[in-house]
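Working notes, structure below.
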Amino acid sequence: MEELVKQLNLRLNWEMDGVYVFKNDDLYVQFINPHEGTDFEYVIRAEYKEDFDRWSNCEYETYSTDLEKDLSEIISELKEMIKEKEQWL
144 MEELVKQLNL RLNWEMDGVY VFKNDDLYVQ FINPHEGTDF EYVIRAEYKE DFDRWSNCEY
204 ETYSTDLEKD LSEIISELKE MIKEKEQWL
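For what it's worth, the numbering used here labels the leading residue of the sequence shown as 144, then goes sequentially.
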């Protein structure tokens with residue numbers, strides 16, 4: 144999680160019971176630690192700040208059983224999401 148925060152310049156917005164929400168100038172990013180409700184997988188969701196309505200309706204969602212292995216791909220996908228937003232402007 145530290146690498147995700149560092150690479151995307153995220154800051155903690157709130158945390159409760161293993162669910163973290165971070166933000167930067169472009170995105171809200173939700174990070175959920177594995178538990179029974181996520182089938183013991185990590186969940187990472189992201190949405191553009193101006194489009195955010197609720198997490199069940201977000202632009203990006205991925206699950207991982209091995210976050211260390213998948214993290215670089217997740218970071219790349221979120222950076223690409225930010226790039227796409229910049230192209231709209």
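Quick reminder that beta carbons are idealized off the backbone N, C-alpha and C, glycines included.
Can residue i and residue j be called in contact, C-beta distance under 8 angstroms?
i	j	result
Asp169	Lys192	yes
Leu221	Glu146	no
So residue i and residue j are in contact, right, with Cβ under 8 angstroms, and what is the actual spacing, rounded?
i	j	result
Ile187	Ile225	Contact doesn't hold; Cβ gap of about 15 angstroms is too wide.
Tyr185	Leu210	5 angstroms
With burial defined as no fewer than 16 other Cβ atoms inside 10 Å of the residue's Cβ, what is the status of residue i: buried or exposed?
i	result
Leu153	buried
Phe165	buried
Glu190	buried
Name the residue from the options whose alpha carbon lies nearest to the alpha carbon of residue i.
i	options	result
Met159	Cys201, Arg197, Phe174	Phe174
Asn176	Lys212, Met144, Glu204	Met144
Determine which residues share a DSSP beta bridge with residue i and list them.
i	result
Thr205	Ile187
Gln173	Val164, Arg188
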